[in-house]
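Here the sequence shown is numbered in the working numbering, starting from 3 and rising by one per residue. In this text, a Cβ means the ideal position worked out from N, Cα and C, and glycines have one as well.
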Amino acid sequence: MIIFSVTRKGFKELEPIIKSGKYPVWIGGNVLSEEEVEAVRDENVSLTNFSYQIYPTDKEALEEALCTIAEHHPKERVWCECQPKI
């Protein structure tokens with residue numbers, strides 16, 4: 003399983019699971035500062051950050067990011083933070 007968080011709030015909600023180090027984590031470019039990214043990595047968490055902001059309502063950007071994640075983690079399930087528009 004891969005965790006994909008696009009907001010700081012979403013990251014914080016899943017932080018106990020993320021910090022377990024059991025799952026690779028991908029985040030949007032605006033989720034954590036560089037110092038925070040390094041601190042999480044220092045806790046043996048596999049953390050990859052996109053270089054750009056991804057909005058939880060931007061279906062196209064989410065799909066593109068998910069394709070990138072799938073290239074790096076073939077056949078893995080991805081838990082994706084999103085906010086569907088109604």
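Put simply, the backbone Cα of Lys-21 is about 13 Å away from that of Glu-40. For Leu-64, DSSP records no beta bridge to any residue. Contact between the stretch 48 to 62 and the stretch 21 to 35 is present: 3 or more CB-CB pairs across the two stretches fall below 8 Å. Comparing alpha-carbon positions, the option among Thr-70, Ile-88 and Gln-85 lying closest to Glu-78 turns out to be Thr-70. Ranking Pro-58, His-74 and Phe-13 by CA distance to the CA of Ser-35 puts Phe-13 first. Judged by DSSP in its simplified three-state form, Thr-50 adopts strand.
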